Amino acid sequence: MGNVYIEGELYQEGGEAEDVEYIDSSVNDEQENKYIVELYWSYGKEHKKLNDKSRHYTDLNLHILTYNYSEGEVVNVELEYETNLGVKTKTILGVVNEYGEALISNVFENEMILTNGDRNEEN
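The numbering of the sequence shown is this note's numbering, which starts it at 7 and goes up by one.
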């Protein structure tokens, strides 16, 4: 299981992630070429692909397309994003399905992300 680090705003033009690192993973001490082919965001229950910035974040879904991962295997992605309170990181774990994709629905559902001049009402 490896890590992917994404930097920048919470969107990717064209729906694809930039600067995704190649991952070398080992399972049972065997070295296999496993990597993430593509990351993209969608929104809502319909999983409509996001091709631009999103004004809302609570219903964002992360799609992780993998290569050489087996069904049921866990893939791990570390997100880095900016808010008015500074840079935050979030580790996402997803289970790969029979098609080599892990789908994590509502990634930020239980979080408060302050951007674009929002104020933290707790302070």
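Virtual Cβ for every residue (Gly too), placed ideally from N, Cα, C. Predicted model only: the values in this text are computed from it and were never measured.
Residue i - partner residues in DSSP beta bridges
i      : result
Leu109 : His69
Boundaries of the beta strand (DSSP E) in which residue i is found, first to last residue
i      : result
Asn82  : 80-89
Gly100 : 92-101
Tyr46  : 41-49
Environment of residue i [buried if 16+ CB atoms lie within 10 Å]
i      : result
Lys40  : buried
Val102 : buried
Glu115 : exposed
Val93  : exposed
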